[in-house]
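Residue numbers (my numbering), protein chains in the order written: chain A, 547 to 710; chain B, 23 to 124.
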Amino acid sequence: MTWQEWAFVVLGVVGLGAAVRLVTSKNVVHAALYLVVSLLMVGAIYLLLGAEFLGWVQILIYVGAIVVLLLFGLMLTRAPIGREALDNQQRGLSAIVALGILVGLIFLLQDAFGDREITLRPTRIAEAGEHLFTDFVLPFEVVSFLLLAALIGAVALARKEDAE
Amino acid sequence: MIRLPIVLFFSAGLFAVGVYGVLARRNAVLVLMSIELMLNAVNVNLVAFSQLLQDAAMTGQIFALFVVTVAAAEVGIGLAIVILIFRNRETINVDEINLLRW
């Protein structure tokens, strides 16, 4: 194994371990902090794979914004503590479904891509920006409109109805 | 040089953990977190294949960027709905919100 593979395995094991702790932890705030670890590891994996812009975007948007938003959500909804309060009765069935998906995916992926190798080539931010604003300018505008709609929708939904 | 299956197995594992979280958790915010895990697994795949194919237009990476944006919008709207439900029902357990069930 090359050192890139070792680095990937270390990041992946930490990320997966944090993800497992996220779905099993008894405390919602701990779950959010495990989510931070998991997302940071995914961001580091983007950087390792050479997707520089996406790696920093992951850390900025996910760790910086989305997790803070989720923490606000937890704060405003007074989430209880304890496994029975956070999990439903279908834990065993869910584990079987998840394991089935995992085994099936691993089997299929090994069958389809077992011998492929990624040659790592860093992609520069300038390159990403160039493609984003030439080849993908229409999807970019659509996504910006979607964000605007989500912004207005969230404000309209969460605003307190005051007597008019 | 990284063998592709290692990357794909990692993302398959992340996706399976996300599926478990969505199915087994009853707190709506935790379900949203598990959905984030699944979206991240898809993004890892997109980046891996983008790098594998040495795509000149960087489609995989740009698409992953769009997925991140849509995830941000989804969390924003999702949390607004969760807070609204909490205000009306005093609970955000997804198995107790069954008004539309028949």
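Even glycine gets a Cβ: it sits at the ideal position worked out from N, Cα and C.
For residue i, count neighbouring Cβ atoms within 10 angstroms of its own Cβ and tell me buried if that reaches 16, exposed if not.
| i | result |
| --- | --- |
| P27/B | buried |
| G675/A | exposed |
| Q73/B | buried |
| R25/B | buried |
| I642/A | exposed |
| N110/B | exposed |
| S690/A | exposed |
| A46/B | buried |
| V41/B | buried |
| T623/A | buried |
| T91/B | buried |
Just to make sure I have the definition right: I need the residues of chain B whose C-beta is within less than 8 Å of the C-beta of residue i. Which are they?
| i | result |
| --- | --- |
| F554/A | I24, I28, V29, F32 |
| E551/A | M23, I24, R25, I28 |
| L593/A | Ordered by position in chain B, no residue passes the 8 Å Cβ test against L593/A, which lies about 10 Å from the chain. |
Give the range of the alpha helix (DSSP H) segment to which residue i is assigned.
| i | result |
| --- | --- |
| P685/A | 683-704 |
| E58/B | 50-75 |
| Y608/A | Segment: none, Y608/A is in no alpha helix (DSSP H) and carries neither H nor E. |
| A93/B | 81-111 |
| L600/A | 598-603 |
| S571/A | No alpha helix (DSSP H) holds S571/A; DSSP gives it neither H nor E. |
In chain B, what lies closer than 7 Å to residue i by C-beta?
| i | result |
| --- | --- |
| A704/A | A102, I105, L106 |
So residue i contacts chain A; which residues on that side make the cut at Cβ distance below 9 Å?
| i | result |
| --- | --- |
| M60/B | Those do not exist, as M60/B stays about 10 Å from chain A at its closest Cβ, beyond 9 Å. |
Counting only Cβ pairs nearer than 9 Å, list the residues of chain B close to residue i.
| i | result |
| --- | --- |
| L586/A | Result: empty, since nearest Cβ-Cβ is about 11 Å, beyond 9 Å. |
| I607/A | V90, T91, A93, A94 |
| V689/A | L87, F88, T91, V92, A95 |
Starting from the beta carbon of residue i, find every residue of chain A whose beta carbon is closer than 7 Å, and list them in chain order.
| i | result |
| --- | --- |
| N49/B | V574, A625, L632 |
| L74/B | R662, I664 |
Which bits of chain A does residue i rub up against, with CB to CB less than 8 Å?
| i | result |
| --- | --- |
| I99/B | A696, G699, A700, L703 |
| L121/B | Ordered by position in chain A, no residue passes the 8 Å Cβ test against L121/B, which lies about 17 Å from the chain. |
Near-chain B residues of the segment 662-683 of chain A - C-beta to any C-beta below 8 Å: R662, E663, I664, T665, L666, R667, T669, E673, A674, H677, L678, D681, F682
Please list the residues of the segment 632-660 of chain A that have a C-beta atom closer than 8 Å to any C-beta atom in chain B, keeping them in chain order. L632, D633, N634, Q636, R637, L639, S640, A641, V643, A644, L645, I647, L648, L651, I652, L655, Q656, F659, G660
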